[in-house]
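Contents: one structure, followed by commentary.
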Amino acid sequence: MSEILFYLGAIMIIIGGICDLFGALGLLKFPNFYIRLHAATVGTIGGAVVPLFGVGFLALGADFLPHKYAIAGASFVTGIIVLLAAPAGAHALAYAAHKAKLVKWEPKVDHLAEVRRND
Amino acid sequence: MLESAFMTLMKFVIPLYLLAFIIYGVRAFKGPTVVDIILAVDCLSFDIAAFMAILAVYFKSAFLISAAITLALWAYLLDIYIAKHLVSKEVGV
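Sequence order for the protein chains is H and C.
To get the working numbering, take the position in the first sequence, counting from 1, and add 1.
To get the working numbering, take the position in the second sequence, counting from 1, and add 7.
Written out as structure tokens, the structure is:
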């Protein structure tokens, strides 16, 4: 049972590392801030939340750790915090960039422009 | 037996994370606007928090995890303050 938890956590950590690298490459190569938000989502949800839950499962299954329940519980708490905080922060940044007119772009549809006109 | 499997895992995972940190750092240094810099610092902080959780298992120490929680909360606070400053040109209520 503990080996199943250990190898599940190891697979989740490897998936997190690969998602992290792809999110970083997308954040470097994409042309626009609003398109870079997509790569940032890959880098935070796939690259931080998945390996944090993986560390939790791995620490529950590892028998060589001295404080395994403390490390597992705190890893789950950190994963839930990142899962709630990263989309809220990215949404606030996108709204502020649109409101302050920082980024040049040519949209097909702009639903937030009605909000800006009403202010 | 599980410990040697974990050390073999670390040989694959640590270069992935370090390469991702370097690429995030490049975007944080050369970002054209301020929101790009803040987004790169944000991703960097969340990924350092995940990497500190992995290092807590590597070094067998429970103290690194509390710093990871603080780092995740700090990155969210940075987002909210910069967004508030960009919308209303001041930080306050």
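Virtual Cβ for every residue (Gly too), placed ideally from N, Cα, C.
Quick caveat, the model's predicted, so the values are computed rather than measured.
Give the single residue among the options whose Cα lies nearest to the Cα of residue i.
i: valine 78 of chain H; options: H:Leu66, H:Gly57, H:His68 and H:Ala98; result: H:Gly57
i: tyrosine 70 of chain H; options: C:Phe70, C:Ala74 and C:Phe58; result: C:Phe70
i: valine 64 of chain C; options: H:Leu28, H:Val51 and H:Pro67; result: H:Pro67
i: valine 83 of chain H; options: H:Gly47, H:Leu113, H:His99 and H:Ala63; result: H:Gly47
i: valine 20 of chain C; options: C:Asp43, C:Gly38, C:Ala57 and C:Asp49; result: C:Ala57
For the ligand HEM, I want to know if residue i counts as a neighbour, meaning its beta carbon is within less than 7 Å of at least one of the ligand's heavy atoms.
i: isoleucine 61 of chain C; result: Summarising the ligand content, the structure contains no ligands, and the ligand HEM is consequently not present.
Note down, in chain order, every chain H residue with its Cβ under 8 Å from the Cβ of residue i.
i: isoleucine 44 of chain C; result: Residues of chain H passing the Cβ test: none, with the nearest at roughly 11 Å.
i: lysine 93 of chain C; result: A small fix is needed here, since residue 93 of chain C is leucine in this sequence, not lysine. Those within 8 Å of leucine 93 of chain C in chain H are Ala97, Ala98, Lys100, Ala101 and Leu103.
Between the alpha carbons of residue i and residue j, how many angstroms are there, rounded?
i: glycine 10 of chain H; j: glycine 32 of chain C; result: 27 Å
i: glycine 80 of chain H; j: leucine 85 of chain C; result: 18 Å
i: isoleucine 19 of chain H; j: alanine 12 of chain C; result: 19 Å
i: isoleucine 30 of chain C; j: isoleucine 15 of chain H; result: 18 Å
i: phenylalanine 31 of chain H; j: arginine 37 of chain H; result: 6 Å
i: leucine 51 of chain C; j: lysine 105 of chain H; result: 25 Å
List the residues of chain H that residue i touches, going by C-beta distances under 7 Å, in chain order.
i: tyrosine 65 of chain C; result: None at all; the shortest Cβ gap to chain H is about 10 Å.
Can you list the residues of chain C that residue i reaches, using a CB-CB cut of under 9 Å?
i: valine 78 of chain H; result: Ile72 and Ile76
What are the boundary residues of the alpha helix (DSSP H) that residue i is part of?
i: glutamate 10 of chain C; result: 9–37
i: serine 95 of chain C; result: 70–95
i: leucine 85 of chain H; result: 69–100
i: methionine 59 of chain C; result: 41–66
i: valine 56 of chain H; result: 51–62
Could you name the residues of chain C that residue i contacts, counting a contact when the two beta carbons are closer than 8 Å?
i: isoleucine 14 of chain H; result: Leu16, Val20 and Ile61
For this session: Residues of the stretch 49–68 of chain H with a CB closer than 9 Å to any CB of chain C: list them in chain order, please.
Result: Answer set for the stretch 49–68 of chain H: Ala49, Val50, Val51, Pro52, Leu53, Gly55, Val56, Gly57, Leu59, Ala60, Gly62, Ala63, Asp64, Phe65, Leu66, Pro67 and His68.
Exercise. Which of the residues in the stretch 16–32 of chain H, read from start to end, lie with their CB under 8 Å from any CB of chain C?
Worked result: Within the stretch 16–32 of chain H, the residues whose Cβ lies closer than 8 Å to some Cβ of chain C are Gly17, Gly18, Ile19, Asp21, Leu22, Gly24, Ala25, Leu26, Leu28 and Leu29, listed in chain order.
Problem set entry | Contact set between the stretch 82–94 of chain H and chain C, restricted to residues whose Cβ is under 8 Å from the partner | From the stretch 82–94 of chain H, only Ile82, Val83, Ala86, Ala87, Ala89, Gly90, Ala91, Ala93 and Leu94 have a Cβ closer than 8 Å to chain C.
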